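Using my numbering, read the sequence shown as starting at 5 and increasing by one per residue. Reading through the structure tokens given below for one structure.
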Amino acid sequence: MEQRSHFSIFEANSIFLILAGIFLTVGAYFQSKEVLSGLLITEYGIIFVPILLYALVTKKDLRGVFRVKKIPLKQCLKIVAIAILLLPTVAIVNMIAILLIELFSDAIVLDIPTATNGVEYLGLMFIISITAGICEETFFRGMVLDAYETELGRKWGAIFSGFLFAIFHFNPQNFFGPLVLGIMFSYLVQLTGSIFAGILAHATNNGIAVSLGFWANLVSDEADMMASGGQLYDSIGLLIGMIVGYGVLALGFAIVIKGLLKSLRKDYATFEIGDSIEVNTKRYDIIDMEAEKLIIKAENSEELLTTDLERLSKVGISHEYKLWDKRPLKLPIGAMVPVMIAAVAYGYIFYLAYLRA
């Protein structure tokens with residue numbers, strides 16, 4: 005049997021379907037018994053360990069698939085800022101989903117664990133922020149992104165990584181938020197070449213949610229700050245008003261996010277074979293890449309040269325690139341069958357929760 009150094013789409017989708025099934029049954033069972041220990045079992049036992057074991061058994065290129073690469077502190081701060089500034093956008097898209105549901109049914113008040121003291125807060129930060137960041141990013145920005153990116157290119161890899169990430173939550177009220185976050189996390193991982201970018205952004209997003217819940221418990225005696233008589237919002241008008249308010253905030257933050265991403269692109273010059281660069285007015289074509297090394301060839305010359313990003317940054321480089329190319333989508337239909345099955349299951353869950361009388 006031929007072994008691949010990267011995941012195939014069929015492999016990733018099949019593992020996704022299997023783990024989704026275990027998540028909805030075994031994971032749900034343990035979480036119903038005790039939420040926090042159930043989350044630990046789900047994250048490590050159902051997601052993290054099986055994926056790593058499969059990657060080891062099938063001899064994947066672990067460094068290539070999971071992009072194990074350090075990120076300097078300066079870039080870490082930019083990634084954290086982006087994750088924070090995305091919060092209004094995430095709130096908007098989730099509220100839009102709730103608005104659509106409210107037009108035809110009733111949104112559901114979810115029982116989300118929140119901390120009431122310092123010990124509980126640290127525990128939730130470890131489980132919901134750090135653990136979820138590590139385990140889920142290994143799954144979606146490791147295995148899933150690697151598979152789709154390898155076969156379909158960076159753009160479609162990021163989009164499908166976000167899409168499967170959103171489905172895996174199996175919560176229609178919280179579909180569009182993970183979709184937006186998943187795509188952004190993928191972009192950051194692709195831009196930096198490191199899965200730690202996704203882990204850091206993911207942990208930041210979840211950590212803020214945990215912190216807000218803790219703060220809410222400190223300033224109020226109410227068990228659920230948003231619930232009122234079993235409803236998330238008092239009226240559709242209030243919901244629309246909040247969407248508009250958050251929308252104004254999100255537009256302002258989007259300008260800052262754009263600037264931070266531009267800054268990160270300068271920090272991480274991303275290349276692909278076939279790209280051209282200009283050094284001291286001389287043009288070179290990238291012929292091959294080996295780890296952090298670039299094999300380049302000057303125009304009108306057959307001589308191959310080896311360089312790296314550090315050396316190029318010192319001599320000055322002119323390089324206009326787009327991280328995502330315009331490659332058209334050509335899905336391998338057979339490989340998508342497991343995802344179609346998961347999508348049908350998602351639709352059935354939606355029907356049971358909101359449409360069945």
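For each residue, glycine too, the CB sits at the ideal point set by N, CA and C. Since this is a predicted model, take the numbers as computed values, not measurements.
Task: Classification of P336 by the beta-carbon crowding that lies within 10 angstroms, buried from 16 upward - done: Numbered from 1 along the sequence shown, position 332 holds the residue referred to as residue 336. Exposed is the call here.
Task: Where the alpha helix (DSSP H) through E15 begins and ends - done: Reading the sequence shown from its first residue, position 11 is the one you call residue 15. Looking at the DSSP string, the run of the alpha helix (DSSP H) that includes E15 is I13 to I26.
TODO: Can you tell me which of the three DSSP states D65 falls into?
DONE: To locate residue 65, count along the sequence shown from 1; it is residue 61. Annotated three-state conformation of D65 is coil, per DSSP.
TODO: Helix, strand or coil for Y350, going by three-state DSSP, please let me know.
DONE: The residue given as residue 350 occupies position 346 in the sequence shown. The answer is helix: DSSP assigns Y350 an H, G or I state.
Task: Collapsed DSSP secondary structure at I112 in the structure displayed - done: As a working mapping, residue 112 is identified with position 108 in the sequence shown. In the structure shown, I112 sits in coil (DSSP, three-state: anything other than H, G, I, E or B).
Open item on the list: I'd like to confirm the pairing. Which residues does DSSP put opposite L4 in its beta bridges?
Closed with: This structure cannot settle anything about residue 4, because the visible part of the chain is limited to 5 through 361.
Task: Segment contact flag, the segment 74-90 with the segment 7-27, C-beta cutoff 8 Å, min 3 pairs - done: no
TODO: Flag this pair as yes or no: are the beta carbons of G217 and T118 separated by less than 8 Å?
DONE: Position 213 of the sequence shown, counted from the start, is the residue given in the question as residue 217. Position 114 of the sequence shown, counted from the start, is the residue given in the question as residue 118. With contacts defined by Cβ atoms closer than 8 Å, G217 and T118 form a contacting pair.
- [ ] Could you round the C-beta distance between R158 and L28 to whole angstroms and report it? I think they count as a contact, below 8 Å.
- [x] The residue you call residue 158 lines up with position 154 of the sequence shown. The residue you call residue 28 lines up with position 24 of the sequence shown. About 30 Å; that fails the 8 Å criterion.
- [ ] Look at A101 and F179 and say whether their C-beta atoms are less than 8 Å apart.
- [x] Numbered from 1 along the sequence shown, position 97 holds the residue referred to as residue 101. Numbered from 1 along the sequence shown, position 175 holds the residue referred to as residue 179. Yes; because the gap between Cβ atoms is below 8 Å, this pair is in contact.
Task: Residues bridged to E141 (per DSSP) - done: As a working mapping, residue 141 is identified with position 137 in the sequence shown. As far as DSSP is concerned, E141 takes part in no beta bridge.
Open item on the list: Less than 8 Å between the C-beta atoms of H206 and A136, yes or no?
Closed with: Numbered from 1 along the sequence shown, position 202 holds the residue referred to as residue 206. Numbered from 1 along the sequence shown, position 132 holds the residue referred to as residue 136. For H206 and A136, yes; Cβs fall inside 8 Å.
Open item on the list: According to DSSP, Y288 sits in a beta bridge with which residue or residues?
Closed with: Here residue 288 corresponds to residue number 284 of the sequence shown, with the count starting at 1. Paired residue(s): I281 and A302.
TODO: Measure the alpha-carbon distance for R269 versus L359 and round it to whole angstroms.
DONE: Numbered from its first residue, the sequence shown carries residue 269 at position 265. Numbered from its first residue, the sequence shown carries residue 359 at position 355. Distance between the alpha carbons of R269 and L359 is about 45 Å.
TODO: Grab me the residues of I112's own chain with a C-beta within less than 6 Å of its C-beta, minus the 5 sequence neighbours each way, in chain order.
DONE: Mapped onto the sequence shown, residue 112 falls at position 108. Answer for I112: no residue qualifies.
Open item on the list: Considering Cα atoms alone, identify which of S133, K74, H10 and Y125 is closest to E47.
Closed with: By one-based count along the sequence shown, residue 47 stands at place 43. Nearest C-alpha to E47: S133.
Task: contact_flag[the segment 65-76, the segment 240-256] where n(CB pairs < 8 Å) is 3 or more - done: Contact annotation: the segment 65-76 does not touch the segment 240-256, with fewer than three C-beta pairs closer than 8 Å.
Open item on the list: Helix, strand or coil for A231? Go by DSSP, reduced to three states.
Closed with: Locating residue 231 in the sequence shown gives position 227, counting from the first residue. Residue placement at A231 is flagged as unreliable, the pLDDT there being 41, under the threshold of 50; the coordinate-derived value follows with that caveat. Looking at A231 - three-state DSSP - the assignment turns out to be coil, as it is neither helix nor strand.
Task: Assigned secondary structure, R9 (DSSP; H/G/I helix, E/B strand, else coil) - done: Translated into the one-based positions of the sequence shown, residue 9 becomes position 5. Reading off the sequence shown, one finds Ser at residue 9, where the question assumed Arg. Reduced to three states, the DSSP call for S9 is coil.
TODO: Could you check the C-alpha separation between V184 and Q177 for me, to the nearest Å?
DONE: Stepping through the sequence shown from its first residue, residue 184 is reached at position 180. Stepping through the sequence shown from its first residue, residue 177 is reached at position 173. Straight-line Cα distance between these residues: approximately 14 Å.
Task: Beta-carbon gap between L264 and A85 smaller than 8 Å - done: On the sequence shown, residue 264 is found 260 positions in, with the first residue counted as 1. On the sequence shown, residue 85 is found 81 positions in, with the first residue counted as 1. Yes; because the gap between Cβ atoms is below 8 Å, this pair is in contact.
Task: Test item: CB-CB of E141 and I203 under 8 Å - done: Translated into positions along the sequence shown, residue 141 becomes position 137. Translated into positions along the sequence shown, residue 203 becomes position 199. Closer than 8 Å, so yes.
- [ ] With distances taken Cα to Cα, identify the nearest neighbour of M246 among Q194, R67, T93 and P54.
- [x] As a first step, residue 246 must be located in the sequence shown, where it is residue number 242. Out of Q194, R67, T93 and P54, T93 has the C-alpha closest to the C-alpha of M246.
Open item on the list: On the criterion of 16 or more Cβ atoms from any shown chain inside 10 Å, does D110 qualify as buried, or is it exposed?
Closed with: As a position in the sequence shown, residue 110 is number 106, starting the count at 1. D110 comes out exposed.
Open item on the list: Quick check: the Cα distance between I13 and N221, rounded to an integer number of angstroms?
Closed with: Residue mapping note: residue 13 aligns to position 9 of the sequence shown, counting from 1. Residue mapping note: residue 221 aligns to position 217 of the sequence shown, counting from 1. Rounded to whole angstroms, I13 to N221 spans 44 Å at the Cα level.
- [ ] Could you tell me how far apart the beta carbons of I187 and V193 are, in whole angstroms, since I believe they sit closer than 8 Å?
- [x] As a first step, residue 187 must be located in the sequence shown, where it is residue number 183. As a first step, residue 193 must be located in the sequence shown, where it is residue number 189. No, I187 and V193 are not in contact; Cβ-Cβ is about 11 Å, not under 8 Å.
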